[in-house]
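Asker: Dumping the structure here so I can ask a few things about it.
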Amino acid sequence: MPDGEAPGPAAPDRPAKRRRLRLRWRKWLRALHRDFGYIAVGLTFIYALSGLAVNHIADWDPNFENFEREVTLATPLPADDEEAARVVQEQVGISGEPLDIYPVTDDLLEISLDDRTLHVTRSSGHVFIEGQEPRFFLRAANWLHLNRGKKAWTWFADGYAVVLLFLATSGIFMLPGRKGLLGRGAVLVGLGIAIPLVYLTYVGSP
C-alpha cells in the first residue's frame with residue numbers, strides 16, 4: 000500500500016458468513032422441530048396405540064370386550080313375557096328398549112338388547128347376562144384413527160400427516176457432519192427406506 004493511502008474495506012469473510020447462516024437456520028429448524036413435536040404428541044399417542052390395536056384384529060376385538068355376569072332376582076316374575084322382561088331389567092338395572100323378547104322354553108326367557116343378552120330362568124330367578132362393552136380409550140382412538148368421524152376430523156388428520164412429514168424431513172437436516180445426513184444419518188435413513196422395500200420384495204407387492 001502506498002504511503003498515505005487509507006486502507007480499503009476488509010474483504011468479507013464468506014466462509015464465516017455461510018457458517019453463521021447455517022447455524023442460524025439450524026437453530027430455527029430445531030426450534031420448529033421441537034414445537035411441532037410437542038403439538039404432535041397427543042395425536043401420536045392416539046394413532047400409535049390404535050395402530051397396535053387394529054394390527055392384531057384377527058386375534059381380538061380392538062373396540063369391544065366381552066363380559067358375563069350372573070344375578071338372582073329378588074321377586075318372582077309375572078307370567079307375561081313383556082312384563083317379565085320389564086321386571087328383570089328393572090331389578091338388574093339395565094335400561095333400554097329390548098330388541099327381542101323370546102321364550103326359549105316355558106322356563107327360559109331370552110331378552111336381547113343392543114349390547115347384551117339376558118337369559119332368565121323363571122323358576123329360580125337366575126339371570127345370566129352376556130354382552131359387550133367398549134374398551135376404555137381404544138374404541139374412541141380407533142374411531143378417530145380410521146376417520147369414522149369424517150368431516151372436520153379429515154382436516155385434523157391431514158394436518159397431522161403434514162406435521163409428521165415436516166418432523167421427518169427436518170430431523171434429517173438438524174445435525175451437521177458425520178452424525179447428520181452426510182454420515183450416520185444417511186445410513187439410518189437408507190435402512191428405514193430399505194425395510195419396507197425388502198419386505199415387499201420378500202412377500203410380493205400388491
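Using numbering that gives the first Met the number 0, read the sequence shown as starting at 0 and increasing by one per residue. We put the CB at the ideal spot given by N, CA and C, even for glycine.
How big is the Cα-Cα spacing for Pro102 and Gln131?
Answerer: Looking at the two C-alpha atoms, the distance is approximately 22 Å.
Asker: Tell me where the beta strand (DSSP E) around Val119 begins and ends.
Answerer: Where Val119 is concerned, the enclosing beta strand (DSSP E) stretches over 115–120.
Asker: When the Cα atoms are used, what is the spatial distance from Trp227 to Ala39?
Answerer: This structure gives no information on residue 227, because the portion of the chain shown stretches from 0 to 205.
Asker: Could you tell me if Pro77 is buried or exposed, where buried requires 16 or more neighbouring beta carbons within 10 angstroms of its beta carbon?
Answerer: With fewer than 16 other Cβ atoms within 10 Å, it is exposed.
Asker: Along the alpha helix (DSSP H) that carries Arg134, what are the first and last residues, could you check?
Answerer: Element bounds for Arg134: n/a, residue is neither H nor E.
Asker: Taking the straight line between their C-alpha atoms, what separation do you get for Gly148 and Trp142?
Answerer: One C-alpha to the other measures close to 7 Å.
Asker: Gly50 and His118: beta carbons closer than 8 Å?
Answerer: Cβ distance not < 8 Å, so Gly50 and His118 don't count as in contact.
Asker: So, are the CB atoms of Leu48 and Ala140 less than 8 Å apart?
Answerer: The answer is yes: Cβ separation under 8 Å.
Asker: Give the secondary structure of Ile110 by DSSP, where H, G and I count as helix, E and B as strand, and everything else as coil.
Answerer: Residue state, collapsed to three classes: strand.
Asker: Is DSSP giving Val70 helix, strand or coil here?
Answerer: The answer is strand: DSSP assigns Val70 an E or B state.
Asker: Going by Cα to Cα distance, which pick from Phe135, Arg138, Leu112 is closest to Glu129?
Answerer: When only C-alpha atoms are compared, the closest one is Leu112.
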